[in-house]
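Which chain is which? The protein sequence lines are A and B, in order. Take the first sequence: its letters are residues 1450 to 1662, numbered as in this note's numbering. Take the second sequence: its letters are residues 1450 to 1662, numbered as in this note's numbering. Backbone N, C-alpha and C define an ideal beta-carbon position, used for all residues, glycine too.
Number of protein chains: 2
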Amino acid sequence: MRLAELSERSGVPVGTIKYYLREGLLPQGERISATQAAYSEAHLRRLGLIRAMIQIGRIPVATVREVLGHVDDESLGTTFRLGAALWAMPQPPEAPADDPLTVQVTEAVDRFLGDMGWHNAREIGALSPTYRTLVTTIVTLTRLGFSRGAETLAQYAHLMEEVAQLDLDQLDTYEDDSEKVELAVASAVLYEPLLLALRRLAQEEHSTRRYGL
Amino acid sequence: MRLAELSERSGVPVGTIKYYLREGLLPQGERISATQAAYSEAHLRRLGLIRAMIQIGRIPVATVREVLGHVDDESLGTTFRLGAALWAMPQPPEAPADDPLTVQVTEAVDRFLGDMGWHNAREIGALSPTYRTLVTTIVTLTRLGFSRGAETLAQYAHLMEEVAQLDLDQLDTYEDDSEKVELAVASAVLYEPLLLALRRLAQEEHSTRRYGL
DNA sequence: CGTGTTTGGATAGTGGCACTTTCCAAGAAG
DNA sequence: CTTCTTGGAAAGTGCCACTATCCAAACACG
């Protein structure tokens, strides 16, 4: 299929597709002649993922390029490809490491990981952007006066652990490594709003039950 | 306290605070003289919330103004203030309503809400931005070929229902209405990355357990 | 009292980013 | 042969969250 058809089937304007090609988000089509190129179903699929990342995930173009680079890096094993892709996803700005509150929260988080039995996560520790995000959000919550005890955090953590189990069960249903990594990325981008939408719907449901309209 | 001190204690540059004042995110300080104004602890706290919404939640300035407008609207009852504030939060762009897949997914979601026993949520239905977000993300997942059956969705929904219960239990610990609404907003902005960070940590933990490094 | 500094407010400018527009020459279509 | 389409390069656009520059009033100090 040519550019015009790729645009029509995906619903993405031609100019925008050219931009993605230029920026290296979408691989070049197969050259048919000096001024003509052919695109495959794989391009269509990849374009869908790019749009989802940018429009739903609000991920910057440069970051999308980086993430997709890891997705396509066949020199790595699945686990590393997956980890590299997810670690490249954007994280909120971090709290300064020399802040006393940050130090205190970091220690609390370490203790908490131990209590949860998440020993692998604890070892990876500060290397993981996810870990630092956790510290940062707790620091901010504390600053705003909305922090909760470790017990409340643990309750949330146990629930999210079950969510993670469901996620991994789904990953297991895919044979192909590239598909696994793509699902993991799509899951980070699209399951997040989905989970949060479910949470808010449940909040709406139960708050009307508790307090009425 | 004057502007300079507000800036120092909050860590937000003076120019930026002026910008927030101009944009109506932060209420004006009390005028001391023609060229001098005094700011309170309330300003400091509100400024923290604004920063969290913009920097961590990546919420547009115009939206922050709208959300805070609802938070401060004392003419509404708590439930409505809370709902209005949360409904003003940004949602991903929606899928076109006339699309056949969208229609199909909408029906499936309605059935699903019935199965969950979320009758209130079902009645509010299309009015709720959250509901439409749910439809949109499922449509996108389906387009990408990553959709799952209603059963899987229900498993996630049950877990998020428990999360929502924890959220509401926390809300109950606050007496003051304004604080309740502020917590709800902070919860939407900051608990979301926190929950997602917990989910990813759990994923990392269990994927290394399942597949090793 | 005078002089230099600080303050809040108005206005204009900046930089980043995700596109769009415009242009062009080579090919395809009729 | 003429007309249209195509892919590619380069410059332009619009939005947005700040940021820099001025200014005159007012405070601080000797």
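Under 8 Å between C-beta atoms of residue i and residue j
{"i": "A/Ala1613", "j": "A/Phe1561", "result": "no"}
{"i": "A/Leu1470", "j": "A/Leu1496", "result": "no"}
{"i": "B/Ile1508", "j": "A/Glu1653", "result": "no"}
{"i": "B/Thr1585", "j": "B/Pro1541", "result": "yes"}
{"i": "A/Leu1650", "j": "B/Leu1608", "result": "no"}
{"i": "B/Leu1639", "j": "A/Leu1590", "result": "yes"}
{"i": "A/Leu1593", "j": "B/Glu1641", "result": "no"}
{"i": "B/His1492", "j": "B/Leu1531", "result": "no"}
{"i": "A/Val1552", "j": "A/Ile1587", "result": "no"}
{"i": "B/Glu1556", "j": "B/Arg1581", "result": "no"}
C-alpha gap between residue i and residue j, whole angstroms
{"i": "A/Glu1631", "j": "A/Val1520", "result": "7 Å"}
{"i": "B/Leu1452", "j": "B/Tyr1488", "result": "7 Å"}
{"i": "A/Glu1515", "j": "A/Ala1534", "result": "8 Å"}
{"i": "A/Ala1501", "j": "B/Pro1545", "result": "15 Å"}
{"i": "B/Lys1629", "j": "A/Ala1570", "result": "33 Å"}
{"i": "A/Tyr1605", "j": "A/Gly1563", "result": "15 Å"}
{"i": "B/Glu1624", "j": "B/Asp1618", "result": "12 Å"}
{"i": "B/Ala1575", "j": "A/Ile1505", "result": "19 Å"}
{"i": "A/Val1510", "j": "B/Thr1622", "result": "42 Å"}
{"i": "A/Leu1550", "j": "A/Arg1597", "result": "15 Å"}
{"i": "A/Ile1466", "j": "A/Gly1460", "result": "10 Å"}
{"i": "A/Pro1578", "j": "A/Trp1536", "result": "6 Å"}
{"i": "B/Thr1601", "j": "A/Arg1648", "result": "15 Å"}
{"i": "A/Thr1484", "j": "A/Val1463", "result": "15 Å"}
{"i": "B/Asp1548", "j": "B/Gly1566", "result": "27 Å"}
{"i": "B/Phe1595", "j": "A/Arg1494", "result": "11 Å"}
{"i": "A/Leu1525", "j": "B/Arg1659", "result": "18 Å"}
Extent of the continuous beta strand (DSSP E) run through residue i
{"i": "A/Ala1487", "result": "Gln1485 to Ala1487"}
{"i": "B/Ser1482", "result": "Glu1479 to Ser1482"}
Opening and closing residue of the alpha helix (DSSP H) in which residue i lies
{"i": "B/Gln1619", "result": "Ala1599 to Asp1621"}
{"i": "A/Pro1539", "result": "Run containing A/Pro1539: none; DSSP gives neither H nor E here."}
{"i": "B/Ala1633", "result": "Asp1626 to Ala1635"}
{"i": "B/Tyr1580", "result": "Pro1578 to Arg1592"}
{"i": "B/Leu1474", "result": "Counting along the chain, B/Leu1474 falls outside any alpha helix (DSSP H), and DSSP gives it neither H nor E."}
{"i": "B/Phe1595", "result": "First-last for B/Phe1595: undefined, no H or E at that position."}
{"i": "A/Gly1460", "result": "First-last for A/Gly1460: undefined, no H or E at that position."}
{"i": "B/Asp1559", "result": "Pro1549 to Met1565"}
{"i": "B/Pro1642", "result": "Glu1641 to Tyr1660"}
{"i": "B/Arg1571", "result": "His1568 to Ile1573"}
Sequence-distant residues of the same chain with beta carbon closer than 8 Å to residue i, five excluded per side
{"i": "B/Gln1477", "result": "Leu1470 and Ala1486"}
{"i": "A/Ile1481", "result": "Ala1487"}
{"i": "A/Asp1700", "result": "Only positions 1450 to 1662 of chain A appear in this structure, which leaves residue 1700 of chain A out of reach."}
{"i": "A/Arg1458", "result": "Met1450 and Leu1493"}
Same chain, Cβ closer than 6 Å to residue i, neighbours up to 5 away in sequence not counted
{"i": "A/Gly1518", "result": "none"}
{"i": "B/Glu1610", "result": "none"}
{"i": "A/Asp1626", "result": "Thr1527"}
Neighbourhood of residue i by C-beta distance below 7 Å, restricted to the same chain and skipping five residues each side
{"i": "B/Ser1636", "result": "Asp1616"}
{"i": "A/Val1513", "result": "Leu1474, Ile1499, Met1502 and Ile1503"}
{"i": "B/Leu1620", "result": "Lys1629, Leu1632 and Ala1633"}
Check: residue i C-beta below 7 Å from any heavy atom of the ligand NAP
{"i": "B/Asp1547", "result": "Judged by which ligands are present, the structure shown has none, so any question about the ligand NAP falls away."}
Note down, one range per segment and in chain order, each beta strand (DSSP E) of at least 3 residues found wholly within the segment 1481-1527 of chain A.
1485-1487
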